[in-house]
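The structure appears below as structure tokens.
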Amino acid sequence: MVKAEAVHKSYGPVEVLKGIDLEVKQNEVFCLVGPSGSGKSTFLRCINHLEKINGGRLWVDGDLVGYQQRGDKLYELKDREVALKRRDIGMVFQRFNLFPHMTAVENVMEAPVQVRRESKASAKEHAMALLERVGLAEKAGSYPSQLSGGQQQRVAIARALAMKPKLMLFDEPTSALDPELVGEVLDVMRGLAEEGMTMIVVTHEMGFAREVGDALVFMDGGVVVESGNPREVLTNPRHERTRAFLSKVL
Ligand code: ADP
Ligand code: MG
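Under the numbering used here, residues 446 to 695 are what the sequence shown spells out, in order.
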């Protein structure tokens, strides 16, 4: 589903990703962990066409990100074509960034109606089913300000799912939540994993990584320090930098 080969990304003179190699398989829950500033969000943004890489190659769902191959020539995608690709990727951020003037169900319906030109009736039916799935059917008519952080984040997940993505990216989805609300969001993510959704999850929740993760990569300073089965890496980290990080978050 995702393959990175020596992916480099710089902002001006600052090199943030210094050659990332990794592979995310279909139906996999892929956990990306590492200290703040190591380039995790930047990497997700590259996958989601929000940043252009400066070197290496990055594929999503079999296609080179940002390009289209015709014969043996590569063409850079136009903005409209990039927008089409992005529809297949759902993203959930640390901050729930729901539209504040829309109810939960309106938030979930927004993209299908505006972007995919779905009828309001069918978008609403689908949105209600998604709210049901994240356990919030009874909050459909509530505005974000009337919901807890955990509920808002579950609406944000439903909203991302509304576009029927092939891949879900989670960027520290529980980091801004009060501790007692973390579990309800992780439960929804666990449910998605059980249904076979391919997910890349940036998280400090090592319990989730251990129980739900199929693969784990530890990043530091723009490089992959170590990777493997989450249970193995978390129980038996091989690198000092991984150990130092884990001793802080575990
Ligand atoms: P992480 O998500 O692992 O905390 P980020 O990907 O957010 O790390 O950031 C990695 C580094 O890239 C940081 O040093 C950050 O300051 C820098 N960075 C991120 N985005 C930009 C940007 N748009 N312009 C300049 N520097 C950036
Ligand atoms: Mg980040």
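Note that CB positions come from ideal geometry on N, CA and C, so glycine has one too.
| Query | Result |
| --- | --- |
| Closest by C-alpha distance to residue 579, when choosing among 564, 550, 557 | 550 |
| Residue 459 beta carbon near the ligand ADP (any heavy atom closer than 8 Å) | yes |
| Residue 694 beta carbon near the ligand MG (any heavy atom closer than 8 Å) | no |
| Cutoff 6 Å; reference residue 615; Cβ partners in own chain excluding five residues on either side | 537, 646 |
| Pairwise C-alpha distance: residue 674 and residue 660 | 5 Å |
| Residue 662 beta carbon near the ligand MG (any heavy atom closer than 8 Å) | no |
| Contacting residues, own chain, Cβ-Cβ under 8 Å from residue 599 (five flanking each side not counted) | 579, 580, 581, 629, 630, 633 |
| Other residues of its chain near residue 479: CB distance less than 7 Å, five sequence neighbours each side excluded | 485, 663, 664, 665, 690 |
| Any alpha helix (DSSP H) of 4 or more consecutive residues that is wholly inside the segment 501-539 | 524-531 |
| Segments assigned beta strand (DSSP E), at least 3 residues, entirely inside the segment 593-636 | 612-616 |
| Residue 448: first and last residue of the uninterrupted beta strand (DSSP E) it sits in | 447-456 |
| Per-residue burial, residue 459 [other beta carbons within 10 Å of its own, 16 or more giving buried] | exposed |
| Cutoff 7 Å; reference residue 544; Cβ partners in own chain excluding five residues on either side | 552, 555 |
| Three-state secondary structure assigned by DSSP to residue 554 | helix |
| Inter-stretch contact at 8 Å, needing at least 3 Cβ pairs: the segment 602-612 / the segment 523-537 | yes |
| Residue 463, DSSP secondary structure in three states | strand |
| Burial state of residue 595, where buried means 16 or more other Cβ atoms lie within 10 Å | buried |
| Residue 587 beta carbon near the ligand MG (any heavy atom closer than 8 Å) | no |
| Residue 657 CB to nearest heavy atom of the ligand ADP below 8 Å | no |
| Continuous alpha helix (DSSP H) assignments of at least 4 residues falling wholly in the segment 665-692 | 675-680 |
| Where residue 560 falls: helix, strand or coil (DSSP) | coil |
| Assigned secondary structure, residue 660 (DSSP; H/G/I helix, E/B strand, else coil) | strand |
| Three-state class that DSSP yields for residue 644 in the structure shown | strand |
| Short Cβ contact (9 Å threshold) for residue 667 with residue 483 | yes |
| Backbone secondary structure at residue 488 - three-state DSSP | helix |
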